[in-house]
Amino acid sequence: MEFVYSTFWLSPAEYAKIYSEINTDYSKYEGKRLAVHMSYGIDDKPYWYYFENRGYDDYNIYMRVRV
């Protein structure tokens, strides 16, 4: 099954950081098809990361919005 939204490009370091955080807090997102994760990017600025969720460690980050 394909994701609905196009993937938002993140640097490999930022991608790994955000994926790791989502995995760590997965219980907040379990069962939600679409979710938002708030975090600081690798530039130390706050962002909302919007993502599609197909299960643990199976996400598509499709938008990043600076807070």
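Using the working numbering, read the sequence shown as starting at 21 and increasing by one per residue.
Glycine residues also receive a C-beta, built at the ideal position from the N, C-alpha and C atoms.
Alpha carbon of Y35 to alpha carbon of E50, nearest angstrom
20 Å
Just the Cα atoms here: how many angstroms apart are A55 and F28?
15 Å
Are there 16 or more other CB atoms within 10 angstroms of the CB of Y25, so buried, or fewer, so exposed?
exposed
I need the boundaries of the alpha helix (DSSP H) containing S40, first residue and last residue.
P32 to T44
Among N43, K48, E72 and I38, which one has its Cα closest to the Cα of P66?
I38
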